[in-house]
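Each remark here refers to the structure printed beneath this line.
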Amino acid sequence: MIPPAAPARMIDAPSFSTSRFRAEREADWIAFDLLLTKLEKKGAAALTSDELLQLPLLYRATLSSLSIARATSLDKALLDHLEALSIRGYFLVYGVRESRWNRLRRFFLYDWPAAIRAVWKETVIISLIILLGALTSYSLVSSNPEWYFNFVDEEMSGGRDPRATAEYLQSTLGHGKAAAGESESESGLHVFATYLFTHNSRVSILSFALGFAFGVPTMMLEYYQGIGLGAMMAVFAGKGLGYDFGGWLFIHGTTELFAAALSGAAGLRIGSAMVFPGARGRLQAASEAGRTAGKVMVGVIIMLFAAGLLEGFGRQLITDTVLRYAIGSMMLLFWLGYYYIPRREDVT
Amino acid sequence: MTAAATNAKSRAARAKKVRQFITPEGVDLELKIASSGLRFGALLIDLMIIVLTLLLFSLAMLWVGFASQSDVTVVVWMLGAFILRTFWFIGFELGSRAATPGKRIMGIRVVARDGGRLTADAVVARNLIRELELFLPLMMLGVAAAEDMASAWTIIAGVLWSLTLSLFLLFNRDRMRMGDLIAGTWVVMAQRVKLDADIATSSVGEAMLFSESELAVYGIFELQELERVLRGRDPRAMREVADAIRTKIGRAIAEEDDVFLLSYYRQLKARLERKLLFGKRREDKYASD
């Protein structure tokens, strides 16, 4: 077939063509791309002041190119490239946050205690739940020691049960004659401390994460923690070792139980935000609660690290009960002061 | 009209994944939600890297431990494993690309749902929940295996319950995990696209001319398919497409496929873009011209 005699040739010299548009702007896009790559690889500190000034200009030029291209061009490769470049640029230009050091400083000085203060109601509730668990098992075990075996795993207790003698129980607290012979050798302490830290962190993360099921599993988990505690206490108290056991527990327990309560509180905050979102949408309420809870959880892991150190080293090296009580109370006061004493940033 | 319906359907499906995301400059970035397949692939890659690193780390620690005869290595090993497991995702997602290696390979990233900055607490929250999503089903199985008192039905109920939590992202259109929901985040496409050469400017484009009626048979969808074939440079695909166009517009085989296709592409593009400037967007060949 022969092509028609008078072909429709209107593409000769249009005043605007997408090819010309591209040729004119392409250099900007390439420069922006290179700048972003440099920013991603080496960070904002590596850019010269000239490049830093260029960044927003090139970003805006690219976005305007994207708008024009969407309205005029049908070149898919061009559109895809501009879209990807704009998205990448947006998150780098608007996502450049403060320096790592500043962020850390703000977290420790302000964000962490503020987040803990924000969940104070939940913390009180979870503390009461732990207390309730402890009281339940305490009263049950002291009235009938057989209950103990329902609450505490045989392997976990390591012979610390109602059948044990007072001497043996005392030795597990790091006291008396038997202690010298059979307590763990000192070199094992840091392994023990690390194990406790990783184990407790995992449990805390779990009790936080379970919060989104409306907080019910979190409360159950915390109640269960209280149960184990109360049962153990009843056994020692029944043998007249309540005071010593208190010291053994207190030295790290104030930090550890506080952290446990906080992780539960973080979980409960999420759960309650999903059940009672208030005036906000359910999704927004959940995400706001999640952000507060995320900060609390970072704090919890740091607290558990401290508790692990106290438990692994402090408790095994310090055997004087009064000193144990003193250290435990100091830690508790420290945490309470750090979290709940109001500071100037609150006003602003 | 089934073909037209399929076209419209696939366009609608694509539009369903696009979320409006307006920058302060007033441009809609049209973010695309990452599919569950990509998410799963990214997770698999990350887990594989973690396991491999852990294995190498364990071997190294074992070797050091035997050589030094001290149990400090056990401490280092336990702490290292804990940090790797807990902070792998958090550490990478806090970076400027907000993506773990697995996500980078899949071309996706984490974004704050409200368009603001992706804050550290959001990243922490979304990844601590991951612990639960990944391990709860496994834990349920473990508990069931350890304790015989649980009946088979309780086990099944428990595993199913935990699976609905883990597979939560399949049940909402934004493909949010439980962790995304709580942290207020999304995972969106963020591939890099290389800027390919402008094929409409090459000199062969004017080798032959097409009449208005010959160009009027196709719309934007077909134009962009043609572009894909031209950029692919696969001679067999080009032959097929060229033949299809030739029969459609009733031309005999007279010139090379690539010359024919390039000329046709260029003139079709010019025509459709001209119409676009006048506000007429013809989506595909089924739409009216």
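Chains A and B are the protein sequences, given in the same order. So the first sequence is numbered by numbering that gives the first Met the number 0: it starts at 0 and just counts up by one. So the second sequence is numbered by numbering that gives the first Met the number 0: it starts at 0 and just counts up by one. Beta carbons are placed, not taken as given, at the ideal position from N, Cα and C, and that holds for glycine.
Opening and closing residue of the beta strand (DSSP E) in which residue i lies
i	result
B/R232	Note, B/R232: premise wrong, no beta strand (DSSP E); not H, not E.
For residue i, the three-state DSSP class (helix, strand or coil)
i	result
B/L30	strand
B/I107	strand
A/N101	helix
A/D49	helix
A/F213	coil
B/L78	helix
A/V151	coil
A/K238	coil
B/E254	coil
B/I248	helix
B/V216	coil
A/E181	At A/E181 the pLDDT is 40, less than 50, meaning the model places this residue with poor confidence and gives no usable figure here.
B/E211	helix
A/R314	helix
B/M175	coil
A/P276	coil
B/T72	helix
B/Y263	helix
A/T61	helix
A/G327	helix
A/W111	helix
A/D243	helix
B/P325	Past the boundaries of the shown model lies residue 325 of chain B; chain B is included only from 0 to 288, so the question cannot be answered.
B/Y285	coil
A/T164	coil
B/V192	coil
B/R112	coil
A/S170	helix
B/F277	coil
B/D197	coil
A/S72	coil
Neighbourhood of residue i by C-beta, 7 Å cutoff - its chain only, sequence neighbours within 5 removed
i	result
A/P112	Y337 and Y338
B/R18	L30 and I32
A/P55	V92
B/L271	I219, L222 and R281
A/F196	L303, F304 and G307
B/A119	L93
A/A68	L77, L78 and L81
B/G114	F20
Anticipated Cβ contact below 8 Å, residue i with residue j, distance rounded
i	j	result
B/T52	B/V63	No, B/T52 and B/V63 are not in contact; Cβ-Cβ is about 16 Å, not under 8 Å.
A/F31	A/L84	6 Å
A/S18	B/D195	Actually they are not in contact, since the Cβ atoms of A/S18 and B/D195 sit about 14 Å apart, beyond 8 Å.
A/I204	B/L127	5 Å
B/M60	A/T193	Not a contact, Cβ separation roughly 13 Å.
A/M302	B/V123	Actually they do not touch by this definition, with Cβ atoms about 15 Å apart.
A/T254	A/M330	5 Å
B/A12	B/I107	Rounded, the Cβ-Cβ distance is 18 Å, inconsistent with contact.
A/L103	B/L275	Contact doesn't hold; Cβ gap of about 51 Å is too wide.
Residues near residue i by beta carbon distance below 6 Å, same chain, minus five either side
i	result
A/E185	With a pLDDT of 48 at A/E185, under the threshold of 50, the modelled position of this residue cannot be trusted, and the question is left open.
A/A272	A284, A285 and A288
B/R110	Inspection of the sequence shows that residue 110 of chain B is occupied by Val rather than by Arg. Only W185 and V187 meet the Cβ criterion.
A/V140	W146, Y147, A230 and A233
A/G132	Y222, G225 and I226
A/N199	L303
Per DSSP, the bridge partner or partners of residue i
i	result
B/I21	B/D27
Span of the alpha helix (DSSP H), counted from its first residue to its last, around residue i
i	result
B/T291	The structure shown does not extend to residue 291 of chain B, since chain B is modelled only from 0 to 288, so the question has no answer here.
B/S67	S35 to S67
A/I340	From DSSP, A/I340 is part of no alpha helix (DSSP H); its letter is neither H nor E.
A/D27	T17 to K41
A/S286	R281 to L308
B/I292	Since the displayed chain B opens at 0 and closes at 288, residue 292 of chain B lies outside it and no answer follows.
B/S95	Element bounds for B/S95: n/a, residue is neither H nor E.
A/W119	W119 to S142
A/R87	K75 to G94
B/S9	T1 to K16
Contacting residues, own chain, Cβ-Cβ under 8 Å from residue i (five flanking each side not counted)
i	result
A/G270	G210, F211, A212, F213, G214, V215 and T217
A/Y242	T320
A/F257	M302, L331 and W334
A/S48	none
Any non-hydrogen atom of the ligand ATP within 7 Å of residue i CB
i	result
B/A199	The ligand ATP is not among the ligands present in this structure, which contains no ligands whatsoever.
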